[in-house]
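S.K.:
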Amino acid sequence: MPQDRTAPAVGADVQLPHDLMIWVLIVSELLVFCAGLWGFSAVRISDRAGFADAAAYLHPLRAGLGTMILVSSGALAAVGALRMQRRYLLGAALVGAGFLMVKFYEWRDLAAAQISTETHPFFTFYYLLTGFHAAHVVAGMVILAVVAARRRPAEVDAGVAFWHMVDLVWVLLFPVIYLVSA
Amino acid sequence: MKYQTQKIALAYFVVAMALFAVQVTLGLVMGWIYVDGNFLTEILPFNIARMLHTNSLIVWLLVGFFGAAYYLIPEESEREIHSTKLAYLQLAILVVGTVGVVLTYFFNLFEGNFLLGKEGREFLEQPKWVKAGIVVAALIFLYNISMTVLKGRKTAITNIMLLGLWGIALLFLFAFYNPSNLALDKQYWWYVVHLWVEGTWELVMAGILGFLMLKLTGVDREVVEKWLYVIVATALFSGILGTGHHYYWIGTPGYWQWIGSIFSALEVVPFFGMMAFAFVMVWKGRRDHANKAALLWSLGCATLAFFGAGVWGFLHTLHGINYYTHGTQITAAHGHLAFYGAYVALNLAIITYAMPVLRGRDPYNQVLNMASFWLMSGGMLFMTFTLTFAGTVQTHLQRVNGEGFMDVQDQLWIFFVMRFGSGVAVVLGAILFIYAVMVPRREVINPGPVVQDAAE
Chain A
1 MPQDRTAPAV GADVQLPHDL MIWVLIVSEL LVFCAGLWGF SAVRISDRAG FADAAAYLHP
61 LRAGLGTMIL VSSGALAAVG ALRMQRRYLL GAALVGAGFL MVKFYEWRDL AAAQISTETH
121 PFFTFYYLLT GFHAAHVVAG MVILAVVAAR RRPAEVDAGV AFWHMVDLVW VLLFPVIYLV
181 SA
Chain B
1 MKYQTQKIAL AYFVVAMALF AVQVTLGLVM GWIYVDGNFL TEILPFNIAR MLHTNSLIVW
61 LLVGFFGAAY YLIPEESERE IHSTKLAYLQ LAILVVGTVG VVLTYFFNLF EGNFLLGKEG
121 REFLEQPKWV KAGIVVAALI FLYNISMTVL KGRKTAITNI MLLGLWGIAL LFLFAFYNPS
181 NLALDKQYWW YVVHLWVEGT WELVMAGILG FLMLKLTGVD REVVEKWLYV IVATALFSGI
241 LGTGHHYYWI GTPGYWQWIG SIFSALEVVP FFGMMAFAFV MVWKGRRDHA NKAALLWSLG
301 CATLAFFGAG VWGFLHTLHG INYYTHGTQI TAAHGHLAFY GAYVALNLAI ITYAMPVLRG
361 RDPYNQVLNM ASFWLMSGGM LFMTFTLTFA GTVQTHLQRV NGEGFMDVQD QLWIFFVMRF
421 GSGVAVVLGA ILFIYAVMVP RREVINPGPV VQDAAE
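Chains as they are written, first to last, in the UniProt record's numbering: chain A, 1 to 182; chain B, 1 to 456.
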């Protein structure tokens with residue numbers, strides 16, 4: 001039977017909001033962090049007590065404060081994207097710096113207690129995941145500053161989408177690392 | 001041939017195929033050494049044969065890439081190559097360097113000499129003067145290609161090719177850094193070895209495959225470009241930190257086990273993307289290109305790369321598994337199918353596509369060429385399965401039961417015999433391929449009459 005190959009396939013015309021490439025990046029990032037959390041949870045099953053002891057060195061309350069700061073920053077970024085206003089976008093980046101401050105104190109305390117990536121598998125994952133995430137916060141702040149300076153709608157949308165991804169990743173890390181293990 | 005300077009590619013392809021013949025012949029010799037351990041021990045020690053087998057592979061693939069670039073860049077940039085003389089000078093330097101390497105390895109000339117003797121680092125054992133020659137040749141090439149692209153039309157394919165080829169040249173500079181600390185040595189060594197084949201070479205692969213799909217299927221350039229950008233992004237995202245899967249057991253900190261496992265597991269994505277890309281383009285394409293053999297090699301390349309590099313790579317990339325399989329025949333199985341699928345088949349695809357154009361004749365010899373595809377690919381797949389089973393048995397005997405290496409090798413003998421047989425098929429396929437693109441002037445089988453809607 002001859003086929004009509006000119007007809008568009010179902011779903012071929014679906015338009016993604018924002019650029020395709022930012023979605024490729026976001027999906028890739030989420031895959032990496034989810035794989036990290038999956039590895040964390042799998043190793044935890046083999047050593048629940050050890051993970052609980054290790055998690056006792058963290059301060060969930062302080063991390064919760066960091067969560068609130070980062071989510072507020074996400075809200076500012078969303079407003080900035082809606083109104084296309086520079087001050088909200090820069091404000092979001094600045095509040096992001098507040099989150100990094102909280103992280104800095106946490107790492108400083110752990111370093112003071114002589115805790116490194118090799119101390120316990122819990123801390124290997126802890127440093128890897130929070131470190132990777134913090135690196136993304138720094139990258140996101142730079143991106144927000146750049147898109148705020150240029151204020152081109154497509155770029156602002158993509159930059160803010162990246163920032164929401166950074167938020168989302170933290171909201172996944174926070175309960176698994178700080179709350180569930182303890 | 002639209003541009004006269006595309007003819008440069010012919011010389012590169014001929015040199016590449018000559019080295020290809022050398023490479024598979026040495027493979028066959030080594031395959032027999034695995035069967036009869038005393039074969040040629042005095043004349044051609046195993047380590048020398050292995051160096052020649054792997055080095056000639058890398059060199060012919062690179063020469064093929066250069067040829068591919070000289071072929072496709074003029075068509076993409078819509079202008080002649082900047083300098084024909086420089087292109088031939090570059091090839092001459094590479095040939096002299098290759099001959100120098102073979103003589104140095106074979107006769108162990110100037111042993112221990114800083115500049116002239118072999119360096120003893122796996123894959124990077126070339127004497128320093130050859131390494132310097134490679135850099136000079138690469139600089140000539142990059143100058144020549146970049147000047148052509150800068151003055152001409154810029155497309156996604158030329159951008160990706162340039163990014164890949166510049167990356168290859170810059171990363172090679174790490175070959176000159178040889179710290180005395182063995183762990184550090186290995187760490188930087190992978191900057192060349194891994195970031196070539198699982199980074200920059202993938203970009204070249206995406207570029208060449210994109211060009212072939214554009215020509216063979218006639219799909220819109222916009223569609224091809226979108227796919228290429230996604231493939232390149234996922235390749236770099238996973239491949240760069242994927243280097244960590246080489247850092248499990250060399251003395252680097254333990255967190256590399258998780259970085260390596262997670263990122264290298266994602267390396268399957270760009271290879272899946274390339275396979276999906278090739279098949280979707282053929283499905284969407286409306287052009288019925290006469291060169292069916294080139295299409296077969298292109299699809300075969302994307303498919304076998306997905307299995308060899310993607311699936312067989314994933315097979316032993318997680319550190320919990322690699323703890324047992326590291327350096328067994330599992331690695332050899334992966335290495336053979338990955339290089340064959342991703343880069344050998346890619347070169348043979350562009351050669352199959354370009355040679356009829358370069359030699360000014362229709363693709364007469366397609367039946368022989370396609371037969372060589374099935375013979376070579378069938379042989380290589382059989383070799384991969386054989387080595388995979390050998391590696392599984394070896395892992396159990398050696399790593400789980402703790403038996404001695406040579407005792408285990410003896411027990412793997414039957415697999416090595418079968419591997420030798422599959423190697424014969426690969427070599428026959430290679431000879432058939434070279435014959436098919438170089439010699440016949442007419443199709444060996446008369447095509448039947450064309451029938452519309454044959455099923456009705």
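The beta carbon of each residue, even a glycine, is placed where N, CA and C say it ideally should be.
#1: Can you name the residues of chain B whose CB is closer than 8 angstroms to the CB of valine 32(A)?
#2: Using a Cβ distance threshold of 8 angstroms, determine whether the segment 381–394 of chain B contacts the segment 95–107 of chain B, with at least three qualifying pairs required.
#3: Below 7 angstroms CB to CB, which residues in the same chain sit around histidine 319(B) once its five sequence neighbours on both sides are set aside?
#4: Counting contacts by CB-CB distance shorter than 7 angstroms, is valine 138(A) in contact with chain B?
#5: Could you check the C-alpha separation between glycine 242(B) and leucine 162(B) for me, to the nearest Å?
#6: Run through DSSP, which three-state label would glutamate 29(A) get?
#7: List the whole-angstrom C-beta distance separating asparagine 144(B) from histidine 82(B), where the pair is believed to meet the contact cut-off of C-beta under 8 angstroms.
#8: Need the endpoints of the alpha helix (DSSP H) that glycine 421(B) sits in, please.
#9: On the three-state DSSP scale, how would you describe tryptophan 249(B)?
#10: Output the residue ranges of the alpha helix (DSSP H) runs that lie fully inside the segment 13–94 of chain A and measure 4 residues or longer, sorted by chain position.
#11: Nearest by alpha-carbon distance to valine 43(A): which of His120(A), Ser72(A), Gln85(A) is it?
#12: Count the other CB atoms, across all protein chains shown, that sit within 10 Å of the CB of proline 356(B); report buried if there are 16 or more and exposed otherwise.
#13: List, in order along the chain, the chain A residues whose C-beta lies closer than 9 angstroms to that of residue 457(B)?
#14: Please check if any C-beta of chain C sits within less than 7 angstroms of the C-beta of alanine 35(A).
#15: Under DSSP, the alpha helix (DSSP H) around glutamine 126(B) begins and ends at which residues?
#16: By alpha-carbon positions, which one of His336(B), Leu236(B), Ile350(B) ends up nearest to methionine 380(B)?
#17: 7 angstroms is my cut-off, CB to CB: does tryptophan 258(B) come that close to chain A?
#18: Take valine 102(A) and list the residues in its own chain whose beta-carbon comes closer than 8 angstroms to its own, dropping the five residues that flank it on each side.
#19: How about valine 166(A): is its C-beta nearer than 7 angstroms to some C-beta of chain B?
#20: List in chain order: all unbroken alpha helix (DSSP H) runs of 4+ residues lying wholly within the segment 110–168 of chain B.
#21: Is it right to say glycine 251(B) is buried, meaning 16 or more other beta carbons lie within 10 angstroms of its own, or is it exposed?
#22: Quick check for students: name the residue ranges of the alpha helix (DSSP H) that lie wholly in the segment 211–247 of chain B, counting only runs of 4 or more.
#23: Does any C-beta atom of chain A lie closer than 7 angstroms to the C-beta of valine 311(B)?
#24: List the residues of chain A that valine 230(B) touches, going by C-beta distances under 8 angstroms, in chain order.
#25: Rounding to the nearest angstrom, what Cα-Cα distance links tyrosine 191(B) and histidine 53(B) in this structure?
#26: Is any beta-carbon of chain B found at less than 7 angstroms from that of leucine 110(A)?
#27: Comparing alpha-carbon positions, which option in Leu315(B), Gly97(B), Val204(B) lies nearest glycine 167(B)?
#28: Given this structure, state the Cα-to-Cα distance separating alanine 371(B) from isoleucine 431(B), to the nearest angstrom.
M.R.: Concretely, from the data shown:
#1: Under the 8 angstroms cutoff, chain B gives Ile262, Phe263, Leu266.
#2: No, they do not touch.
#3: So the list reads Tyr248, Gln257, Gly260, Ser261, once near-sequence residues are dropped.
#4: Judged by the 7 angstroms Cβ criterion, valine 138(A) is not in contact with chain B.
#5: Each residue's alpha carbon lies about 22 angstroms from the other.
#6: In the structure shown, glutamate 29(A) sits in a helix (DSSP, three-state: H, G or I).
#7: Contact between asparagine 144(B) and histidine 82(B) holds: their C-beta atoms lie close to 5 angstroms from each other, under 8 angstroms.
#8: Its alpha helix (DSSP H) spans residues 413–438.
#9: Coil at tryptophan 249(B), not helix or strand.
#10: The segment 13–94 of chain A contains these whole alpha helix (DSSP H) runs: 20–45, 48–55, 60–83.
#11: Minimum Cα distance to valine 43(A) is reached at His120(A).
#12: Looking at its Cβ environment, which holds 16 or more other Cβ atoms inside 10 Å, proline 356(B) is buried.
#13: Summary: the structure shown does not reach residue 457(B), with chain B confined to residues 1 through 456, and so no result is reported for it.
#14: No chain C is present in this structure, whose protein chains are A and B.
#15: For glutamine 126(B), no alpha helix (DSSP H) encloses it, and the DSSP letter there is neither H nor E.
#16: Selection His336(B), Leu236(B), Ile350(B) evaluated against methionine 380(B) yields His336(B) as nearest (Cα-Cα).
#17: Using beta-carbon distances, tryptophan 258(B) counts as an interface residue toward chain A, with a partner under 7 angstroms.
#18: Spatial neighbours of valine 102(A) in its own chain (CB-CB distance under 8 angstroms, excluding positions within 5 residues in sequence) are listed in chain order as Arg62, Ala63, Leu65, Gly66, Ile69.
#19: At a cut-off of 7 angstroms between beta-carbon atoms, valine 166(A) makes no contact with chain B.
#20: Counting only runs of 4 or more, we get 128–151.
#21: That one is exposed.
#22: With a minimum length of 4 residues, the continuous alpha helix (DSSP H) runs that stay inside the segment 211–247 of chain B are 221–242.
#23: For valine 311(B), the answer is no, since every Cβ of chain A falls outside 7 angstroms of its Cβ.
#24: Result: Leu20, Met21, Val24.
#25: Answer to the nearest angstrom: the Cα atoms are 21 angstroms apart.
#26: No, leucine 110(A) lies away from the interface with chain B (no Cβ there is under 7 angstroms from its Cβ).
#27: The shortest C-alpha separation from glycine 167(B) is found at Val204(B).
#28: In this structure, the alpha-carbon of alanine 371(B) lies about 11 angstroms from that of isoleucine 431(B).
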